[in-house]
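Enquirer:
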Amino acid sequence: MVQRFAVIMGETDKPLYRPADHVRFRFIVLTSRHILPHSGPHTWPKYEVIGEFWEERRLERIEVTERERRLQTPHFDCIEVRDPLNNIVHQWKDVQPLDALNLTYRLVSDAEEGEWKIEARVRHQKEVISFNPNRPPSYEMKVFFSFHKGAYRAMSSK
1 MVQRFAVIMG
11 ETDKPLYRPA
21 DHVRFRFIVL
31 TSRHILPHSG
41 PHTWPKYEVI
51 GEFWEERRLE
61 RIEVTERERR
71 LQTPHFDCIE
81 VRDPLNNIVH
91 QWKDVQPLDA
101 LNLTYRLVSD
111 AEEGEWKIEA
121 RVRHQKEVIS
131 FNPNRPPSYE
141 MKVFFSFHKG
151 AYRAMSSK
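The UniProt record's numbering numbers the first residue of the sequence shown as 1 and each following residue consecutively.
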């Protein structure tokens, strides 16, 4: 019986960005078949547990083709970058594990402030990481010139 096919972990290189910055991020996916030593032939259980921890769980049969696929190194079905309005602004499909270790997305110069999300999916599992682009504070500078009356007359007489 399988409770989780894969565990996905992701991170960005920093939590805050400015518009037009490059957002660098990485994802890694692990399965029990890839992190535990096993000397016998690899097999995959015939059933998996479906349902969240707060729901009643049920067993579902895993098809033979799916069991064979799960024995292979898992790849990401989709990685998406979403803006604060939940619009997909960039998408990678069928991403191999080594490619997911070094991905980059360049924010547009007028990127919306708020929580942006990067979502990675491998079959039924997903991982979401977030970051925030912030505009640098704009400083207003007021300069006042005060001229001596004599200097002003001398400048205006030319």
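Think of the CB as a built atom: it goes at the ideal place given N, C-alpha and C, for glycine as much as any other residue.
With distances taken Cα to Cα, identify the nearest neighbour of A111 among E11, V7, K14 and R18.
Expert: Closest by alpha carbon: R18.
Enquirer: Spatial neighbours of G114 within its chain, please: CB distance less than 6 angstroms, with the 5 preceding and 5 following residues excluded, ordered by chain position.
Expert: Contacts found: P84.
Enquirer: Can you give me the C-alpha to C-alpha distance between I88 and E80, rounded to a whole angstrom?
Expert: Those two C-alpha atoms are separated by around 6 angstroms.
Enquirer: Are A6 and V108 touching if we call contact CB-CB under 8 angstroms?
Expert: No; because the gap between Cβ atoms is not below 8 angstroms, this pair is not in contact.
Enquirer: Would DSSP call L107 helix, strand or coil?
Expert: The answer is coil: DSSP assigns L107 none of H, G, I, E or B.
Enquirer: Could you name each continuous alpha helix (DSSP H) segment of 4 residues or more that falls completely within the segment 110-138, going from the start of the chain to the end?
Expert: For the segment 110-138, not a single whole alpha helix (DSSP H) run of length 4 or above is found.
Enquirer: How far does the alpha helix (DSSP H) with L71 in it extend, from its first residue to its last?
Expert: It spans V64 to L71 - the alpha helix (DSSP H) in which L71 sits, taken as one unbroken run.
Enquirer: Would you grab the beta carbon distance between T12 and F131 for me? Rounded to a whole angstrom, and I think it's under 8 angstroms.
Expert: At roughly 5 angstroms, the Cβ-Cβ gap stays under 8 angstroms, so T12 and F131 are in contact.
Enquirer: Which residue comes first and which comes last in the beta strand (DSSP E) that contains F25?
Expert: Segment H22 to L30, the beta strand (DSSP E) holding F25.
Enquirer: Are there three or more Cβ pairs, one per stretch, closer than 8 angstroms when the segment 44-51 is compared with the segment 65-74?
Expert: Contact between the segment 44-51 and the segment 65-74 is present, because at least three Cβ pairs lie under 8 angstroms.
Enquirer: My output table needs one value for D94: the three-state DSSP class, helix, strand or coil.
Expert: It is a strand residue.
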